[in-house]
Structure formats: C-alpha cells, structure tokens
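Quick notes on the structure that follows.
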Amino acid sequence: MPEGHTIHRAARDHHRIMAGQKLVISSPQGRFTKGASRLSGQLCYAVEAFGKHLIYHFDSGDALHIHLGLFGRIRKHKLPLAEPRGAVRVRVVGNTHAIDINGPTICQVLCRDEFLKLTQRLGPDVLRSDANPDLAFKKISNSKTQIGRLIMDQSIMAGIGNIYRSEILWRQSVHPETPGRAVNRQTFDRIWEDAKELLSIGVKHNAIITVTGKYQSKGHHRERVNIFSKSTCPCCKEPIRRFEISGRRVFVCEKCQPLTS
Ligand SMILES: [Zn+2]
C-alpha cells in the first residue's frame, strides 16, 4: 500500500507536468466516463496531496479526487499516447505527458464544498506546511487508544503508513501500545517531527529510508529500515516482537520501547 510520501511525490510531479493546462480526461475502462467528461477540457491550476488523497484542482471549482487504496497504481508516460495497459479508470492527458490510474479505491469528482468536507475530516498531514499539529495532539491526548493505532488513523494525523509507524515509534522509544493520553506533548512533538523528516526523505528518494547515523546499514543497500520485518533490534540486539493492530503488522523492541501507561 502506498504510504503518504508516495502520493506527495506523485502530486509534486503531476503538478509540474499538468498545472496551468487544459487537460483531456477520459476513462478507457469506462467506469468513470461521466466524471471524466465533466472535467475534460477544464483548466487544471494545481495538483496536491492530503495524506494519501491525490487532488487535481480545476478552475471551475471542481476537483478530481483519487485514493489508490491497496491496489491502485499510477503510470506516467510522455506523449505520444500509448495504448492503455489493463483497466485504466482515468487517463489524464496534458501537453507533454499522460497519467493513467488503474484500480483506485476512490476516483470521483468533488465540487468545492465536497472538497472542503474531505479536508476537514482528515487530520493534519505531516508533509503539508499548512498542517496544525495541535489538532492531532488534542485528539491523541484525549484518547485511551494505543498510539500505534492513533498515528495511523488518517482522521487524527495523515501520512504515516504501516512501515513508518513501527520505525518512528522505535526511533522515538515509544511503545506502540502506549495509550494516547499517556503521550505527553514533548513526546508527541518528537513523533511529529520525526514523521515529517522521514516522510520528506521518502518523497525525495521515492523510498522508505529510516536508518540514519550509527544504525546505517552496512552491506545490503536494500536494508533501509531498523526494525520493520527484522528479528533483532539494531540498538540492543534483543529480539523484535511482532504483533498486529487492526490486522496490520507492528514491530517493537520491548527493551528500547518500554511500555508506560
Ligand atoms: Zn532494542
């Protein structure tokens, strides 16, 4: 599943190649024909990301809203147009490039009010400069729910996915099962800042890289995480415990991340 950094990277790229142009939009697969014909020919003035939501803004006030979900994928190619590969839900064609999106969970047109409602139900996004972390801290500090669940809840804070969750909590020595209300402001700020830093690295390199400094992996360049899917802690060498929160794998070093409540 794409994490927040993937969508932010796509949004920046699509903004660069599509904004300021009248776009030709179609649905080769046929499941978005009505939406595509409403948007086609409109001037796109910006493409941006809110968490894992990709938004194309048009001058009429309409927006194209995409969420890839677990199986969606984005393909980009330079013009001339290539044949659609597989079931392309929406094809966006600008002056120089075409973007094909297959298998998204959400592909819809939003009017101005619907777009505002979407942004209101999403928590602050660590990768956005206009994000207000106070909103996330307020919800977390009033909750008995485990921090490992809260930081991945997109209505509380947006952007962190499954791999980053385990990595950030390990880097900040916070046990994923710590209740939200036991996380003080200082700890929350460390989590927020670390998420911002790591996801920015993810956007830049198009990869999840959470190893820095003394834990920098030697040899295998594919090893770019500290504890996710690992068996021992790179810091204390104790075994890593794995368990699930809402059906998604979580990793923890019980020694480096003692549970406080
Ligand atoms: Zn450890």
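Count along the sequence shown from 1, add 1, and you get the number used in the numbering used here. By construction, the Cβ of each residue, glycine as well, lies at the ideal position given by its N, Cα and C atoms.
Measure the CB-CB distance between Ile148 and Val184 and report whether it falls below 8 Å. Yes; because the gap between Cβ atoms is below 8 Å, this pair is in contact.
Cutoff 6 Å; reference His9; Cβ partners in own chain excluding five residues on either side: Correct list, in chain order: Ala50, Leu128 and Val204.
Could you tell me which residues DSSP puts in a beta bridge with Leu151? Checking the DSSP bridge columns, you'll see Leu151 has no partner listed.
If distances are taken between C-alpha atoms only, which option among Phe116, Val110 and Arg76 comes closest to Ile102? Cα-wise, what sits closest to Ile102 is Arg76.
Within the structure, which residues are defined as neighbours of ligand 1 by a Cβ-heavy atom distance below 7 Å, reported in chain order? Taken from the N-terminal end onward, the list reads Cys234, Cys236, Cys237, Glu239, Cys254, Lys256 and Cys257.
Out of Ile157, Gly181 and Thr188, state which residue places its alpha-carbon closest to the alpha-carbon of Ser142. Ranking Ile157, Gly181 and Thr188 by Cα distance to Ser142 puts Gly181 first.
Please classify Thr233: does DSSP put it in a helix, a strand, or coil? Three-state result, Thr233: strand.
Which residue from His58, His54 and Val48 puts its Cα closest to that of Leu40? Measuring from the Cα of Leu40, the nearest candidate turns out to be His58.
CB-CB under 7 Å to Ile164, same chain, minus the five flanking residues each way: which ones, in chain order? So the list reads Glu4, Ile209, Val226 and Phe229, once near-sequence residues are dropped.
Taking only three categories from DSSP, how would you classify Lys23? Lys23 falls in the strand class under three-state DSSP.
For the region 186-199 against the region 159-175, do three or more pairs of beta-carbon atoms, one drawn from each stretch, fall closer than 8 Å, so that the two count as touching? Yes, they touch.
Which ranges does the alpha helix (DSSP H) cover as unbroken runs of at least 4 residues, wholly within the region 88-159, from first to last along the chain? Listed in chain order, the complete alpha helix (DSSP H) runs (minimum 4 residues) inside the region 88-159 are 113-122, 134-142 and 148-151.
Going by DSSP, what residue range makes up the alpha helix (DSSP H) through Ile202? Per DSSP, Ile202 belongs to the alpha helix (DSSP H) from Arg186 to His206.
Presumed contact (8 Å Cβ cut-off) between Gly52 and Leu123, rounded CB distance: Right, their Cβ atoms sit about 5 Å apart.
Taking Glu245 as part of the beta strand (DSSP E), name the residues at either end of that continuous run. The continuous beta strand (DSSP E) containing Glu245 extends over residues Arg242 to Ile246.
With DSSP collapsed to three states, give me the class of Arg32. Looking at Arg32 - three-state DSSP - the assignment turns out to be coil, as it is neither helix nor strand.
Apply the 10 Å Cβ neighbour rule to His271 and answer buried if 16 or more other Cβ atoms are within range, or exposed otherwise. Residue 271 cannot be examined here, being either before or after the span of the chain that is shown, 2 to 262.
Taking the Cβ atom as the reference point for each residue, do Thr288 and His68 lie within a distance shorter than 8 Å? Outside the shown range of the chain, which is 2 to 262, sits residue 288, and nothing can be said about it.
I think His54 touches Gln109, with their Cβ atoms under 8 Å apart; what is that distance to the nearest whole Å? The Cβ separation is near 11 Å, so there is no contact.
Thinking C-alpha only, which one of His78, Pro29 and Gly31 is nearest His15? The shortest Cα separation from His15 among His78, Pro29 and Gly31 belongs to His78.
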